[in-house]
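Heads up, the sequence shown is in the UniProt record's numbering, so the first residue is 1 and it goes up one at a time.
Built from N, CA and C at the ideal position, the CB exists for glycine as well.
Below you'll find the structure, written out as structure tokens, and then a few comments.
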Amino acid sequence: MTRTRILLVDDEPGIRLGMRGFLTAHGFDVDEASSLAEAQEAFRATRPDVAVVDYRLTDGTALELLPRLKDIDASVPLVVLTGHGSIELAVQAVKEGAEQFLTKPVELAVLKVVLDRLVAQRRERQRLLAERSRVTRGRVDPFVGTSAALRALQAQAERIIESDSPVLITGETGSGKSVLARWLHEGGPRKDAPFVDLNCAALSKDLLDSELFGHEKGAFTGAVAAKQGLLEVADRGTLFLDEIGDMDSAVQPKLLKVLEEKRFRRLGDVRDRRVDVRLIAATHQDLGAGAREKRFRSDLYFRVSTLILHVPPLRERPEDIVGLAHHVLAELGAARGRGGVGLQPDAEVALTRYAWPGNIRELRNVLERAVLLSGGGPLSRGDLRFEASAGESGSDADDNLTLEELERRHIERILRRENGHVERAAARLGIPRSSLYERLKRLGINRSGFQKPDP
1 MTRTRILLVD DEPGIRLGMR GFLTAHGFDV DEASSLAEAQ EAFRATRPDV
51 AVVDYRLTDG TALELLPRLK DIDASVPLVV LTGHGSIELA VQAVKEGAEQ
101 FLTKPVELAV LKVVLDRLVA QRRERQRLLA ERSRVTRGRV DPFVGTSAAL
151 RALQAQAERI IESDSPVLIT GETGSGKSVL ARWLHEGGPR KDAPFVDLNC
201 AALSKDLLDS ELFGHEKGAF TGAVAAKQGL LEVADRGTLF LDEIGDMDSA
251 VQPKLLKVLE EKRFRRLGDV RDRRVDVRLI AATHQDLGAG AREKRFRSDL
301 YFRVSTLILH VPPLRERPED IVGLAHHVLA ELGAARGRGG VGLQPDAEVA
351 LTRYAWPGNI RELRNVLERA VLLSGGGPLS RGDLRFEASA GESGSDADDN
401 LTLEELERRH IERILRRENG HVERAAARLG IPRSSLYERL KRLGINRSGF
451 QKPDP
């Protein structure tokens, strides 16, 4: 984990120098401020683990500063130092949010003990919150199966789980990229800090900017109050950006700055804020090709792809399908307060033969639907309802089609309906026009063949 960060607020440079030297020698990172105004700005920008504040400063007292710091981040412990201690002053300081009140001159060894205790208490609170969240979500396991491809992925993931470098998870839609991202977080050194996820494809540029970086009051029409961005929420933890390939080009350089400098600005703010997050990104696209074709920033691509994990699709590991199905059925049974539902042999055969274009997500949907609609007992082939291609009848229509073949057929069908018009076809498919062009090129589809001549 990263070193403990302390903010020292004192208007005497000599005192700050002595305390900084002692704390730095004992493994702390120290930032300084000499006034109320500087303290607020430094507190907001550095996100310390503990703030040590002298009672009397040139532009006010700690009693004025404490509530302002608590408004910024109430979880940070505050220690007040004073050369004129009294019981009344100590009580008042505690009422304003101080966790500790020490009389100057303070023994540095005593200060270290206090700081260590406050940091430990804060991290324990964070650990309990994270643990409570994990219990609510249930255990995640992205490695249910016995295939060689899955075992190779697990071995690679275990080698990098302790790393703090950015990770790019690639794989088709529904293949379990988000589950793997959460597994990396919960098994890594940041497990006691937040795991925050954001789907870049689900938000417009302005919404993505505001969600990721936050904004100040009045930054735009409707910004009636300041808002903390997800970067700040994920401080000391993990930020998971799903479908990063769909991130707006205007937001990409801001994310690059965070990765390179660990600093960012809220919308409407003029001050940088410090943040410490591990980035895990995921995409179903070929980001390398996107970078070469100028659809994705190459410098950001190289930064986010320091470590790459590829999740294989279900069709490439059919030996895992039955085991996954039993795992999903056990989860569904537990959620309903009953035992897991079994599978008859003909159902297992059907599950293995199906191409699963939607991967694990589709498998879960098919099984959940079967459990809800079946009459009870082990599921048979007749209980399973797969998605059939348009224009074809019978639930086995797509059993032997690969995902690429399914994708090609669907895109060609939409292009035919839209007379080869790419923008309208992309809108109907629910993807950006640039993404459709990439798919046309990859699949070798010539849109001109779907354009009807003018009468």
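Neighbourhood of residue i by C-beta, 8 Å cutoff - its chain only, sequence neighbours within 5 removed
{"i": "E232", "result": "R47, G214, R273 and V275"}
{"i": "N400", "result": "Interpretation of N400 is limited by its pLDDT of 48, a score under 50 that renders its predicted location unreliable; no figure is taken from the coordinates."}
{"i": "E99", "result": "P77, L78, V79 and L118"}
{"i": "L343", "result": "V322, A325, H326, L329, L351, P378 and L379"}
Cut-off 6 Å between Cβ atoms - residues of its own chain near residue i, not counting five sequence neighbours on either side
{"i": "H327", "result": "V144"}
{"i": "L287", "result": "G245, F296 and Y301"}
{"i": "R428", "result": "I414"}
{"i": "S298", "result": "A291"}
{"i": "G268", "result": "H215, E216 and A219"}
Bridge-paired residues (DSSP) for residue i
{"i": "K227", "result": "H215"}
{"i": "D197", "result": "F240"}
{"i": "T61", "result": "R56"}
{"i": "E32", "result": "L8"}
{"i": "L102", "result": "L81"}
{"i": "T264", "result": "One point to set straight first is that residue 264 is Phe, not Thr, in the sequence displayed. F264 is bridged to R273."}
{"i": "H310", "result": "T170"}
{"i": "R278", "result": "T238"}
{"i": "L115", "result": "In DSSP, L115 forms no bridge with anything."}
{"i": "A51", "result": "L7 and L78"}
{"i": "L379", "result": "L343"}
Candidates the options, of which the one nearest residue i by Cα
{"i": "T221", "options": "Q285, D206, Q228 and L180", "result": "D206"}
{"i": "P142", "options": "D320, D54, I244 and K262", "result": "D320"}
{"i": "A330", "options": "Q285, L241, S204 and P378", "result": "P378"}
{"i": "G229", "options": "A250, A282 and V277", "result": "V277"}
{"i": "A193", "options": "V106, H185 and L343", "result": "H185"}
{"i": "L309", "options": "L57, S165, E293 and V371", "result": "S165"}
{"i": "L256", "options": "L212, G218, E293 and R236", "result": "L212"}
{"i": "P13", "options": "G27, D29, S34 and F22", "result": "S34"}
{"i": "A45", "options": "T238, D73 and K294", "result": "D73"}
{"i": "A149", "options": "R439, R315, V196 and L332", "result": "R315"}
{"i": "L307", "options": "H421, Q126 and S163", "result": "S163"}
{"i": "Y55", "options": "A250, E41 and P105", "result": "P105"}
{"i": "C200", "options": "S86, Q252 and A225", "result": "Q252"}
Limits of the beta strand (DSSP E) - the one that residue i falls within
{"i": "Q285", "result": "It is not in any beta strand (DSSP E) - Q285 carries neither H nor E in the DSSP assignment."}
{"i": "Q40", "result": "Not the beta strand (DSSP E): Q40 falls in the alpha helix (DSSP H), residues L36 to T46."}
{"i": "L168", "result": "V167 to T170"}
{"i": "L8", "result": "R5 to V9"}
{"i": "F220", "result": "It is not in any beta strand (DSSP E) - F220 carries neither H nor E in the DSSP assignment."}
{"i": "T82", "result": "L78 to T82"}
Cα-Cα separation between residue i and residue j, rounded to whole angstroms
{"i": "L443", "j": "P189", "result": "41 Å"}
{"i": "residue 464", "j": "I6", "result": "Residue 464 lies beyond the stretch modelled for the chain, which goes from 1 to 455, so this question has no answer here."}
{"i": "K262", "j": "V50", "result": "19 Å"}
{"i": "E304", "j": "A289", "result": "The residue asked about is misnamed: residue 304 is Val in this sequence, not Glu. Cα-Cα distance, rounded: 15 Å."}
{"i": "D248", "j": "D11", "result": "45 Å"}
{"i": "L17", "j": "A25", "result": "12 Å"}
{"i": "R20", "j": "T4", "result": "13 Å"}
{"i": "R408", "j": "I445", "result": "8 Å"}
{"i": "L168", "j": "A62", "result": "45 Å"}
{"i": "residue 460", "j": "G430", "result": "Because the chain spans 1 through 455 in this model, residue 460 falls outside it and cannot be assessed."}
{"i": "E96", "j": "L57", "result": "17 Å"}
{"i": "L440", "j": "P357", "result": "18 Å"}
{"i": "G237", "j": "L36", "result": "29 Å"}
{"i": "R416", "j": "L367", "result": "33 Å"}
{"i": "A181", "j": "E438", "result": "26 Å"}
{"i": "A388", "j": "N365", "result": "For A388, the predicted model reports a pLDDT of 49, less than 50, meaning its position is unreliable; a value from the coordinates is still stated below. Cα to Cα, A388 sits roughly 15 Å from N365."}
{"i": "G187", "j": "T103", "result": "42 Å"}
{"i": "S178", "j": "F101", "result": "45 Å"}
{"i": "L332", "j": "L372", "result": "10 Å"}
{"i": "P432", "j": "V422", "result": "10 Å"}
{"i": "L66", "j": "V94", "result": "9 Å"}
{"i": "residue 456", "j": "K191", "result": "This structure gives no information on residue 456, because the portion of the chain shown stretches from 1 to 455."}
{"i": "L436", "j": "G27", "result": "52 Å"}
{"i": "L128", "j": "S434", "result": "44 Å"}
Boundaries (first-last residue) of the alpha helix (DSSP H) holding residue i
{"i": "L255", "result": "Q252 to E261"}
{"i": "T24", "result": "P13 to A25"}
{"i": "Q156", "result": "A148 to I160"}
{"i": "H421", "result": "It is not in any alpha helix (DSSP H) - H421 carries neither H nor E in the DSSP assignment."}
{"i": "I360", "result": "N359 to L373"}
{"i": "I431", "result": "First-last for I431: undefined, no H or E at that position."}
{"i": "A202", "result": "Counting along the chain, A202 falls outside any alpha helix (DSSP H), and DSSP gives it neither H nor E."}
{"i": "D299", "result": "S298 to V304"}
{"i": "V94", "result": "I87 to K95"}
{"i": "K191", "result": "Run containing K191: none; DSSP gives neither H nor E here."}
{"i": "S178", "result": "K177 to E186"}
Cutoff 7 Å; reference residue i; Cβ partners in own chain excluding five residues on either side
{"i": "E172", "result": "H284, P313, N359 and L403"}
{"i": "P318", "result": "T352"}
{"i": "D197", "result": "S178, F240 and D242"}
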